[in-house]
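Enquirer: The following block contains the structure, expressed as structure tokens.
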């Protein structure tokens, strides 16, 4: 049997290389199938990461007690037309104030901040969603979005 294969390979070398290529492709595929299957199966489980109500990972976690206040400040440029808009659970949090604050650096540059001051109303977990938005005729243009996880004890 080996002598027949040897004679065949001497007669037609191109067919022998095709046979070897086919065998090599089968070996590669057989090695890849378990790797792909393991990769697909590992991706099917539940994620252990914290879920987010809005589909974003939280920027910051804030822990406080009922009736405590906290602030969130975000820089913005008044000339750009973008401002921060907030969205939150009104049964859990109360927006006490939303104002513009400034900071002057050593070189004289003035930085504007939009400051949100909240108060916790009841125990539980909630989120604050901030979007850096510019309103135009074509609709809202969202530049950036942030989520804050709030834990109230």
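In the numbering used here, the protein residues as written are 287 to 439. Built from N, CA and C at the ideal position, the CB exists for glycine as well. On a predicted model such as this, the values are computed, not experimentally measured, just so you know.
1. Rounded to whole angstroms, what's the CA-CA distance from residue 395 to residue 362? Just pull it up for me.
2. For residue 388, collect the residues of the same chain with a Cβ closer than 8 Å to its Cβ; drop the 5 residues on either side in sequence, then sort them by chain order.
3. How many angstroms separate the CA atom of residue 376 from the CA atom of residue 323?
4. If you run the structure through DSSP and keep just helix, strand and coil, what is residue 311?
5. Out of 392, 390, 372, 378, which has the shortest C-alpha to C-alpha gap to residue 384?
6. Determine the direct distance from the alpha carbon of residue 402 to that of residue 409, and round the result to whole angstroms.
7. Three-state secondary structure (DSSP) at residue 432?
8. Residues bridged to residue 384 by DSSP?
9. Would you list the one or two residues that DSSP bridges to residue 377?
10. Note the first and the last residue of the continuous beta strand (DSSP E) segment covering residue 394.
11. Once DSSP output is grouped into helix, strand and coil, what is the label at residue 325?
12. One question on the structure: do residue 439 and residue 379 come within less than 9 Å of each other, judged by their Cβ atoms?
13. What do you get for residue 433, buried or exposed, if any count of 16 or more other CB atoms within 10 angstroms of its CB means buried?
14. Suppose the cutoff is 6 Å on Cβ atoms and the five residues either side in sequence are ignored; what does the same chain contact list for residue 367 look like?
15. Let me confirm a value: residue 359 is counted as buried when at least 16 other C-beta atoms fall within 10 Å, else exposed. Which label applies?
Expert: Reading off the structure:
1. 13 Å
2. 396, 397, 398, 399
3. Going by the C-alpha atoms only, they are around 46 Å apart.
4. Per DSSP, reduced to three states, the secondary structure at residue 311 is helical.
5. 372
6. 20 Å
7. strand
8. 402
9. None; residue 377 has no bridge partner.
10. It is not in any beta strand (DSSP E) - residue 394 carries neither H nor E in the DSSP assignment.
11. Looking at residue 325 - three-state DSSP - the assignment turns out to be helix.
12. Taking C-beta atoms as the reference points, residue 439 and residue 379 fail to come closer than 9 Å.
13. buried
14. 420
15. exposed
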